[in-house]
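I have placed the structure first, in the form of structure tokens, so that the comments after it can refer back to it.
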Amino acid sequence: MMEKIRYEIDGKEIIADRNETILSAARREGIYIPTMCYLTKIKPIASCRMCVVEVEGVDGFVLSCQERAVEGAKIKTNSPALFKHRQNIMKLYDVNHPLECGVCDKSGECDLQNKTLEFQVSEQEFTARDQKREIKDWNYLQYDPSLC
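Be aware that the sequence shown starts at 399, since it is given in our numbering, and climbs by one per residue.
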């Protein structure tokens, strides 16, 4: 039998297996932690940095998709600092990406668009040298690599 531990996420008591990640326990308990790269059936790759949380007594943010809580931990999934961190990540995801979602076929069904709106990114503060990417047009189908 797996050893159980108790800790808190946003003030809610969590009882979890010692080896369960913070993100997995939060999802099981209906607690929202944003992610961009997390897929439930594969090992977490921790590349998006959106799932960060604050753990009392730990300096900096913790990746909830990778880390397991310890007995008695107090974890926060949202704070002004976490929001700002996630907002800056979204600004980087949106570099050289047109924020013209209304003309995109994926509008309304796009994780990038949803997170951009959630973290209130309305303009692009960061830029990178854009590569000239040719739009391919096959009469019935058009591919624009600068869009999602």
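Cβ atoms here follow ideal geometry from the backbone N, Cα and C, with glycine treated the same way. Since this is a predicted model, take the numbers as computed values, not measurements.
Asked, Found
"In chain order, what residues of the same chain have a beta carbon less than 7 Å from the beta carbon of Lys474, not counting five sequence neighbours either side?", "Asp408, Val451 and Glu452"
"Give the single residue among Asn494, Arg531 and Ile429 whose Cα lies nearest to the Cα of Ser462.", "Ile429"
"Quick one: give me the first and last residue of the alpha helix (DSSP H) that Asp509 is part of.", "Asp509 to Glu516"
"If we call anything under 9 Å between Cβ atoms a contact, is Asp492 one with Gln522?", "yes"
"Thr525: which of Lys504, Leu510, Ala423 and Asn494 sits nearest, CA to CA?", "Asn494"
"Taking Thr419 and Glu469 to be in contact with their CB atoms under 8 Å, please state how far apart those CB atoms are, rounded to whole angstroms.", "The pair is not a contact, with the Cβ atoms about 15 Å apart (cut-off 8 Å)."
"Alpha carbon to alpha carbon, how far is Tyr538 from Gln518? Give it in angstroms, no decimals.", "35 Å"
"Tell me which same chain residues have a C-beta within less than 6 Å of the C-beta of Lys472, skipping the five on either side of it?", "Glu406 and Glu454"
"Rounded to the nearest angstrom, how far is the Cβ of Arg484 from that of Met448, given a contact under 8 Å?", "6 Å"
"Straight-line CA distance for Phe459 to Ile487?", "14 Å"
"Please classify Ala423: is it buried, with 16 or more other beta-carbons within 10 angstroms of its beta-carbon, or exposed?", "buried"
"Looking at the strands, I want to know which residues DSSP matches up with Lys504.", "Paired residue(s): none; Lys504 is not in a bridge."
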